[in-house]
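Quick note: the sequence shown uses the UniProt record's numbering, first residue 1, plus one each step.
C-beta atoms are modelled at their ideal positions from N, C-alpha and C, and glycine is treated no differently.
The structure displayed is predicted, hence computed values, not measured ones.
This report refers to the structure that appears directly beneath it.
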Amino acid sequence: ENGHAAVITLLLDEGAEVDVKCSRDGSTPLLWAAKNGHAAVVTLLLDKDAEVDVKESEYGLTPLSLAALNGHAAVVTLLLDKDPEVDVKDSKHSQTPLSWAAENGHAAIVTLLLNKGASTESKDKYDRTPLLWAASNGHAAVVTLLLDKGAEVDVKCSRDGSTPLLLAAENGHAAVVTLLIDKGAEVDMKESEYSLTPLSLAAMNGHATVVTLLLDEGASIESKDKYGRTPLLWAAINGHEGIIKLLLDKDAEVDVKDSEHSQTPLSQGAKNGHAAVVTLLLNKGASTKSKDKYGLTPLSLAAMNGHAAVVTLLLDKGAEVDVKDSRDDSTPLLWAAMNGHAAVVTLLLDKDAEVDMKDSKHSQTPLLWAAENG
């Protein structure tokens, strides 16, 4: 465990049992030495015929798995010289040594294992191959090695339909995205849970470089997920103004509505208080009059949530100040008063909002709502 080679030599020469197991987790001296990267100790133990494919009892990891997982290339080399089972899977995650090395970005070890014939297509309990792990974690050097060995570029995880490109795009790994595209990865592939494309995932998470790469490759700018959300809608929801600009420059549909709430990018930006996003959309001609399934306009949504800067932008663009929603005829002023947003109330009154307008459900004015809610 601690790598004391001289002590190991003395004990082995005195006949110490080479494969003695720890009662706690079944670890042998070779398992400990491999895990901790003690190459000299590994050599001594192997020379004494230590069992090379022994498994510890907690996770079923072999010395090769432990060395690969922890990035100990010298130990991996020593173990491979003893012809261990190269595609052995642990009992908890069902990952092979190659899978562990790929997940953790140990390129030198990946090379060693591939040269020993390790399978590039082995799948673990999460249905991920080494390439899926490497792409997800952004290990470009490992991705290159696996692709050069013929790893399937569009391999799918059956659990959620993720491909290497989907995972790399989601996590913003531009170098990996480039490698996969160069190998012919399908740029409009959708994962199976929400029908999101690589472009939607990159836009959602604010990865501008990846968005640019995908757009340059011809990815569909109007692709819709299961809720009818396009990349532009996702960028507006999360306030990624740089992504908004990229998509608008490529003529993304500015007033597209999702199928869940019938909200436009402007509605989403207004609702969430993303003033810079709202500015970009308004400058591109986004409609201030669009209504969602509840009859709420961008101004209503901004007023409801107390986003004074957005309210100002919308009013300056001529948004209708006394517009009523379709649920109970509430106006932006009613919503702002109801929720206690004094700054928004001031802005609306300055634009001559109707001060005694009543909603149709409770017949309350802005003053009554403000008094009731304190």
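- Between the C-alpha atoms of K226 and R159 there is a straight-line separation of about 17 Å.
- L10 counts as exposed, since fewer than 16 other C-beta atoms from the protein chains shown sit within 10 angstroms of its C-beta.
- Straight across, the Cα-Cα distance linking G242 with G206 is about 8 Å.
- Rounded to whole angstroms, P164 and L113 show a C-alpha spacing of 21 Å.
- The Cβ atoms of L313 and V278 lie closer than 8 Å to each other.
- If you draw a 10 Å sphere on the C-beta of D258, you find 16 or more other C-beta atoms in it, and that means buried.
- Judged by DSSP secondary structure, Q268 falls within the alpha helix (DSSP H) whose first and last residues are P265 to K271.
- The continuous stretches of alpha helix (DSSP H) do not include P84, and DSSP gives it neither H nor E.
- The beta carbon of V41 sits closer than 7 Å to those of G3, A5, I8 and A33, all from its chain and outside the five residues before and after it, given in chain order.
- Straight across, the Cα-Cα distance linking H307 with K289 is about 18 Å.
- Assignment of E152 by DSSP, reduced to helix, strand and coil, places it in the coil class.
- Taking the C-beta atoms as reference points, A102 is found no nearer than 8 Å to A141.
- When the five nearest sequence neighbours on each side are left out, the beta carbons in the same chain lying within less than 6 Å of the beta carbon of L66 are those of A34 and K35, in order along the chain.
- For D13, the enclosing alpha helix (DSSP H) stretches over residues A5 to D13.
- Annotation: the continuous alpha helix (DSSP H) that includes T111 extends over A107 to N115.
- Here DSSP, grouped into helix, strand and coil, assigns N137 to helix.
- For K245, the uninterrupted alpha helix (DSSP H) segment begins and ends at E241 to D249.
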